[in-house]
Amino acid sequence: MSSLCNLLGYLLNFIYSFVKNYGLALIIFSVLTKLIMLPLSIKQQKTLVKSGKIQKELKEIQDKYSKDQERLAQETMNLYKRENMSPFSGCLSSILQIVLLIAMFILVKEPLTYMLKMPQDKINEYAKMINSSNSAYSQIEIINAAKTNDKIDIDVNMDFLGINLSSVLMQNLKNWTTYIIPVLYVLTSIISMKLNQTTTDTNKEDKKKKENKDEEEDPMMQMNKNMQIMMPVMSVTIAIVVPLGLALYWLTNNVLMIGEKLIINRVLKNEEA
């Protein structure tokens with residue numbers, strides 16, 4: 001993970017050297033990473049659409065061979081083979097997105113290490129100077145302190161449209177500007193989640209079956225419903241405890257993801273027509 005963080009740090013620092021604004025650099029960085037991931041995203045979207053279409057047939061196989069697990073597994077694999085898809089074909093993109101998300105969290109949390117490539121002993125020296133050695137976001141606090149402390153030789157422009165990206169909402173509850181990015185992030189997370197649900201619900205007959213409470217609910221549908229409850233809660237929790245720079249990256253990524261899904265869905269519908 002450290003190697004990936006270093007690589008991403010070089011890219012982010014390269015962008016920052018041109019735009020001289022941390023927030024703008026994060027937005028451009030988000031666009032570039034999204035373009036790199038676009039082929040995998042398209043493949044994942046196609047898999048989701050296909051998965052929605054075969055749910056009826058998959059359910060029939062499960063009902064027919066519920067007492068014969070070996071035959072059930074064989075018929076399920078035959079179905080995927082006929083549809084030229086793998087039950088794990090959408091996993092790679094999701095795994096890469098999770099890895100990228102973790103790497104970005106580390107990068108934004110420790111920009112002095114991964115973006116500015118500052119020696120650890122120098123970082124420790126600055127941390128002791130401002131008494132932030134035990135802080136979860138020590139390096140962010142060092143950058144913030146550099147504005148008023150001449151002994152800290154760091155110049156990173158964290159101001160983005162009047163919002164200090166080094167701020168954490170939980171620590172600045174009285175500053176209304178710190179609410180803007182987290183609120184937008186939560187809203188776009190909910191919209192993105194709804195789009196995901198719409199993508200999987202492509203078959204009208206399947207929709208009617210899902211609405212029938214007498215039928216046994218598909219485990220995948222149950223998981224989706226649980227995610228609908230959990231994701232907004234998780235989004236709120238994350239947004240209030242991370243630096244706004246990270247929340248801005250996630251917000252930008254959400255907006256790009258929404259646009260990407262709308263465009264890909266339109267293209268897939270035209271292809272089907």
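The opening position of the sequence shown corresponds to residue 1 in my numbering, with each subsequent residue numbered one higher. C-beta: ideal position from N, C-alpha, C; glycine also. As the structure is a computational prediction, the values presented were derived from the model and not from experiment.
| query | result |
| --- | --- |
| Residue interval of the alpha helix (DSSP H) (run including Y80) | Q69 to R82 |
| Continuous alpha helix (DSSP H) assignments of at least 4 residues falling wholly in the stretch 96-154 | 111-114, 120-129 and 138-145 |
| Whole-number beta carbon distance between L165 and G245, since they are thought to touch under 8 Å | 4 Å |
| Cβ neighbours of E110 in the same chain (closer than 7 Å, five flanking residues each side left out) | Q139 |
| C-alpha distance - A73 paired with Y65, whole-angstrom precision | 9 Å |
| Close-in-space but distant-in-sequence residues of the same chain around I130 (CB under 6 Å, 5 per side omitted) | A145 |
| Sub-7 Å separation of P182 and A247 beta-carbons | yes |
| Status (buried if at least 16 other CB within 10 Å, exposed otherwise) for G162 | exposed |
| Endpoints, the alpha helix (DSSP H) within which V19 is located | S2 to V19 |
| Helix, strand or coil at V168 according to DSSP, with G and I counted as helix | strand |
| Pick from K59, V31, T76 and V108 that is closest to S167, judged by C-alpha positions | V108 |
| W176, buried or exposed, once every other Cβ within 10 Å from all chains shown has been counted against 16 | exposed |
| Pairwise C-alpha distance: Y179 and L8 | 27 Å |
| Straight-line Cα distance separating R266 from L12 | 32 Å |
| Identity of the residues DSSP links to P243 by a beta bridge | V168 |
| Cα-Cα separation between A25 and K269, rounded to whole angstroms | 35 Å |
| Coil, strand or helix - I163 by DSSP | strand |
| Neighbourhood of E211 by C-beta distance below 7 Å, restricted to the same chain and skipping five residues each side | Note that E211 scores 47 on pLDDT, short of 50, meaning its location in the model is unreliable; the coordinates nonetheless yield the value given after this. Excluding sequence neighbours, E211 sits near nothing in its chain. |
| Cβ-Cβ separation, V156 to Y22 (assumed contact under 8 Å), whole Å | 6 Å |
| Cβ separation of L256 and K34, assumed to be a contact under 8 Å, to the nearest whole Å | 5 Å |
| Own chain, CB closer than 8 Å to V31, minus 5 neighbours either side, in chain order | T252 and L256 |
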